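Colleague: Following my numbering, the numbering of the sequence shown begins with 12 at its first residue and continues without gaps. Pasting a structure here, questions to come.
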Amino acid sequence: MRSILLIYTGGTIGMIQDEETGLLKPFDFDYLSNEIPELKKLDYQITTICFDTPIDSSDMQPETWGKIAKIIENNYAQNDGFVILHGSDTMAYTASALSFMLERLSKPVILTGSQLPIGIIRTDAKENLLTAIEIAAAKHPDNSPVIKEVAVYFEYHLYRGNRTTKISAQQFDAFASPNYPPLAEAGVHIDYAFEYLKPLNENFNSFNVFYNLKNTVASIKLYPGIRKENIECLLSVPHLQAVVFETFGSGNGFTAPWFLEVLKKFENQNILIVNKTQCLSGKVEQGKYATSSYFTKVNALSAGDMTFEATITKLMYLLGKYSSVSKVREQFLMNISGELSS
Ligand code: ASP
């Protein structure tokens, strides 16, 4: 029998409405099958590990990603797949971070959550949870897992985790993967897009977890009228190693001389400058317009078509992993875990 580990971290999915007060409160997972009797019909052995104090995902921190990764590491060999129940607000960040931290992963790690709590009649939680479990348990006839990566399942779609972003605070269809096709669609059957799935990694037994993320990164979103001082104040942030500029269109900034002056100050302080478009889809093409030429002058790194979530967590991972700046620069431009198109 296939075994699935369910990790409950918090978020709306694990809450029920208190009948008396009407307030949302964390759900006792021992009673999971009472709330979702359909779970008993699944022919899998499901084990649950809950955070002692379930959290709203807005309170997630790199240490919490480490805690989730540790649970996966400790239970990796005994389980066929993992389902992480997580609030939707920062799910794309956790999925992106785990996609880097879980090195040479060859089992499914599926994050899911919901917009409405499990006890509510119109909840999206049941479908999301049941299908996520089914995906985490799916195998090929040769017994190898169908999914061998970190993915997000939400409202009938499975997405590559480090390609997702939350696009709606209210819609059930809360996530998008603007620059990479869905990995699967769930209808009557679960239709996998096999050509877009990660292939089986050859070092099947070399799974490793990298914990040492460094949050010495910052970001600044450009807008017409931004003041030089708003950008410059980042220069005094202690230990800052990288700054992500959220730029216009295909990676454009300003042609005003003060902008080059500020960029140069970052370069002189050895702070990596990353050029990430504010657009939801498409990629940075540095050097296409005059307005991006200053980024080229200061050797800014192009974030290509990566999401903001993948850009930030990839930097945290690389800064933790390599002390050499040139190695961080080189690796940032490479596709490490399916987050970047060539
Ligand atoms: N604020 C909640 C969270 O992210 C929302 C949700 O669960 O979807 O934890």
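Each residue gets a CB set at the ideal place from its N, CA and C atoms; glycine is no exception. Note that the structure is predicted; figures quoted are calculated from it, not measured.
(1) Got a sec: does ligand 1 put a non-hydrogen atom nearer than 6 Å to the Cβ of GLU67?
(2) Quick one: Cα of ASN45 to Cα of ILE27, how far?
(3) In three-state DSSP terms, what is SER44?
(4) Below 7 Å between beta carbons: does that hold for ILE237 and PHE256?
(5) Give me the DSSP bridge partner(s) of PRO37.
(6) Does the pairing of the region 214 to 225 with the region 113 to 126 give three or more beta-carbon distances under 8 Å?
(7) ASP202 bridges to which residues according to DSSP?
(8) Please classify GLU240 as buried or exposed, where buried requires at least 16 neighbouring CB atoms within 10 angstroms.
(9) Spell out the partners DSSP gives VAL339 in its beta bridges.
(10) Any contact between the region 242 to 254 and the region 294 to 309? By contact I mean 3 or more CB pairs, one from each, below 8 Å.
(11) CB of ASP100 to nearest heavy atom of ligand 1: below 6 Å?
(12) With a 10 Å radius around its C-beta and 16 neighbouring C-beta atoms as the bar for buried, classify GLN72 as buried or exposed.
(13) Suppose contacts are defined by Cβ-Cβ distances below 7 Å. Is LEU17 in contact with ILE57 by that definition?
(14) Is ILE60 closer than 7 Å to ILE82 when the C-beta atoms are compared?
(15) Taking DSSP as the reference, what is the three-state secondary structure of LEU246?
(16) Between SER125, PRO268, PHE265 and ALA253, which lies nearest to GLN280 when the distance is taken from Cα to Cα?
(17) Please report how far the alpha carbon of SER188 lies from the alpha carbon of SER334, in whole angstroms.
(18) What's the gap between the Cα of VAL163 and the Cα of ALA103?
(19) Just confirm the distance between the C-beta atoms of PHE165 and THR123, as a whole number of angstroms; I'd bet it's less than 8 Å.
(20) Roughly how many angstroms separate the alpha carbons of LEU233 and HIS200, rounded to a whole number?
Modeller: A quick look at the data gives this:
(1) It is Asp, not Glu, that sits at residue 67 in the sequence shown. Yes - ligand 1 has a heavy atom lying nearer than 6 Å to the Cβ of ASP67.
(2) 12 Å
(3) Three-state result, SER44: helix.
(4) no
(5) MET26
(6) yes
(7) GLU196
(8) With fewer than 16 Cβ atoms within 10 Å of its Cβ, GLU240 is classed as exposed.
(9) Beta-bridge pairing links VAL339 to no other residue.
(10) Segments in contact, no.
(11) When distances are taken from the beta-carbon of ASP100 to the heavy atoms of ligand 1, the shortest one is below 6 Å.
(12) Answer is exposed; the Cβ neighbour count stays below 16.
(13) yes
(14) Closer than 7 Å, so yes.
(15) The three-state secondary structure of LEU246, taken from DSSP, is helix.
(16) Nearest of SER125, PRO268, PHE265 and ALA253 to GLN280, Cα basis: ALA253.
(17) 32 Å
(18) 8 Å
(19) 6 Å
(20) 44 Å
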